[in-house]
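Just so you know, the sequence shown maps onto residues 25 to 426 in the numbering used here. First comes the structure, then the notes that go with it.
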Amino acid sequence: MKRLFCRAYQSIMKVAMYFVPYNKPQIYYGEQATLDMARDIAAAGHKKVLVVTDQGVMKLGLCNLVFSSLEENGVEFVIFDKTVANPTIENAEEGLEEYNQNHCTAIIAIGGGSAMDCAKAIGARATNPNKTIRQMRGILKVRHALPPLYAIPTTSGTGSETTLAAVIVDAHTKEKFALEDPKLVPKFAVLDPNMTLSLPPFLTASTGMDALTHAVESFIGRCNTHETKEYAIHATKLIFENLETAFHHPDDLKARQNMMTAAFEAGLAFTRAYVGNVHAVAHTLGGEYNTPHGFANAVILPKVLSFYGKKIYKKIGTLCDAIGIFPELVTNEEKTLAFIQKIKDMNKTFGFPDYIEDLKEQDIPKLIRRAKKEANPLYPVPVIFMDKEFSCIYHSLLRHEQ
């Protein structure tokens with residue numbers, strides 16, 4: 025009965041999504057993208073902007089190009105660099121105070137998904153001062169449009185520069201939840217490969233696997249459209265062709281640019297088609313243990329795909345054919361197993377284990393409740409997971425001593 029309710033809900037949501045207004049961000053693309061953005065900010069009359077980032081990005085010097093471009097064009101900026109790996113409600117409120125006290129009129133988010141999620145939450149609070157972040161939790165709860173938001177990814181993975189979601193942690197309950205509304209889509213996305221050149225190998229790999237998870241989960245879900253399928257196919261192809269190059273040769277601008285495109289397109293795909301059980305599990309690990317999101321997705325993805333079994337053979341077979349891999353294999357089952365093995369091989373190349381070090385068996389019941397709450401009834405997954413299925417996945421993530 026619960027599964028029937030979930031499917032009914034998902035069918036309604038699939039129809040409803042066609043009537044939800046969604047605007048893609050205006051894209052600044054290429055090696056001059058950051059400078060072009062700064063010129064347009066000045067031309068739009070913004071005198072002071074809030075830059076939302078984190079200390080890791082600051083230490084790597086990834087913000088310097090943005091700062092110099094703004095200064096060159098006479099735009100003042102206030103730096104909020106206290107974003108944490110999984111941004112909290114308190115995090116966003118602290119950033120909001122900086123925005124209001126300095127009379128900013130626009131926001132620039134520099135970093136990965138955490139900085140962008142934090143910036144979206146700050147923007148939502150800035151224009152919806154009478155609603156708390158908790159009150160905006162869920163779907164279509166953001167009443168007023170955000171200030172102009174310029175999203176500059178320094179990773180190629182989250183796709184947050186194009187999504188309508190902001191994922192926030194309640195530090196008191198350690199629960200991770202999402203605000204989902206078209207008003208949260210950044211007005212501008214800046215895809216400048218120079219911004220990713222200093223990215224450490226671990227982050228290059230983990231964020232790239234995050235993008236792959238977005239593409240795959242949106243493709244195998246039950247709410248995809250012709251457009252989201254095309255985005256997912258192209259994103260998957262770009263990731264398979266470029267992620268390992270970017271990992272081994274970090275100065276390869278072409279590989280970096282292709283990975284930024286892949287992350288962007290995977291973001292476009294899952295914004296309309298949703299993600300699935302991989303993300304539901306990963307979010308609980310991020311909330312409870314602060315596990316890096318992309319890394320968690322990378323470890324969980326092959327386990328969940330294997331668990332789906334024959335339910336995804338046809339779709340994964342179609343995906344393999346579309347991107348031109350495993351042409352020597354005949355059946356969809358063979359292609360699916362080879363696809364899953366390829367993901368495992370990539371994880372091995374990146375030095376990722378097949379378990380989550382911090383996961384504790386006694387925490388699993390609590391994590392199951394949280395994952396089930398996130399996934400059901402919203403996510404249009406190939407197989408709806410209840411307690412038994414989630415338990416199998418969590419137990420497969422425990423480290424078993426040899």
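No residue lacks a Cβ here, since even glycine has one placed at the ideal position from N, Cα and C.
Candidates the options, of which the one nearest residue i by Cα
i, options, result
"N356", "R31, H303, C344", "C344"
"T269", "F288, Y298, G232, G69", "G232"
"L221", "N282, E265, A169, R246", "N282"
"V328", "L84, S230, S415", "S415"
"I103", "K334, L173, G119", "G119"
"F331", "D105, V405, L353, K396", "V405"
"A190", "D64, G69, R158, Y418", "R158"
"L170", "R149, M160, C30, N301", "R149"
"L208", "I347, N152, M219", "N152"
"K38", "I417, V407, K48, P401", "P401"
"D378", "L84, P326, K261, L353", "P326"
"T252", "Y46, F294, K359", "F294"
"L164", "V108, A40, G80", "A40"
"R277", "P217, I134, F43", "Before going on, a small fix: residue 277 reads as Leu here, not Arg. Comparing Cα positions, the closest option is P217."
Residue environment, residue i, which counts as buried when at least 16 other CB atoms sit within 10 Å
i, result
"V75", "buried"
"L421", "buried"
"N88", "exposed"
"Q426", "With a pLDDT of 39 at Q426, under the threshold of 50, the modelled position of that residue is not reliable, and the figure given next carries that caveat. Classification of Q426: exposed, given that the 10 Å Cβ count is below 16."
"E204", "buried"
"G137", "buried"
"S92", "exposed"
"A68", "exposed"
"V44", "exposed"
Run of the alpha helix (DSSP H) containing residue i, from where it starts to where it stops
i, result
"L28", "26 to 41"
"F331", "317 to 332"
"A169", "First-last for A169: undefined, no H or E at that position."
"A66", "57 to 67"
"E265", "250 to 272"
"A109", "A109 -> no alpha helix (DSSP H), and no H or E assigned at all."
"V305", "301 to 313"
"K155", "Careful: K155 lies outside any alpha helix (DSSP H) and carries neither H nor E."
"F91", "88 to 96"
"T295", "277 to 297"
"D345", "337 to 347"
"V354", "Here V354 belongs to no alpha helix (DSSP H), and DSSP marks it neither H nor E."
Whole-angstrom distance between residue j and residue i, CA atom to CA atom
i, j, result
"E398", "G162", "10 Å"
"D411", "D60", "50 Å"
"D382", "D141", "24 Å"
"N248", "H238", "12 Å"
"Q125", "A322", "40 Å"
"L267", "G318", "13 Å"
"Y298", "T308", "17 Å"
"A306", "I392", "11 Å"
"H419", "E122", "43 Å"
"A130", "Y174", "8 Å"
"D387", "R394", "11 Å"
"E95", "M160", "35 Å"
"Q56", "R280", "15 Å"
"R167", "P206", "10 Å"
Contacts around residue i, its chain only, beta-carbon distance under 7 Å, and the 5 residues preceding and following it disregarded
i, result
"A66", "N97, G98, V99"
"A235", "S180, G181, G183, A259, I263, A286, A287, A290"
"K261", "I347"
Sequence-distant residues of its chain with Cβ nearer than 6 Å to residue i (five each side left out)
i, result
"V193", "N110, T112, K200, G311"
"Y52", "D60, M61, V214"
"I408", "R27, C30"
"A202", "A189, V191"
Enclosing beta strand (DSSP E) for residue i [first to last residue]
i, result
"A133", "130 to 135"
"P177", "173 to 177"
"A213", "212 to 215"
"F104", "100 to 104"
"Y52", "50 to 53"
"D194", "189 to 194"
"L74", "72 to 76"
"F414", "Taken as a continuous stretch (DSSP letters only), F414 belongs to no beta strand (DSSP E), being part of the alpha helix (DSSP H) at 411 to 420."
"F374", "Looking at the DSSP string, F374 is not in any beta strand (DSSP E), and its letter there is neither H nor E."
"K200", "199 to 204"
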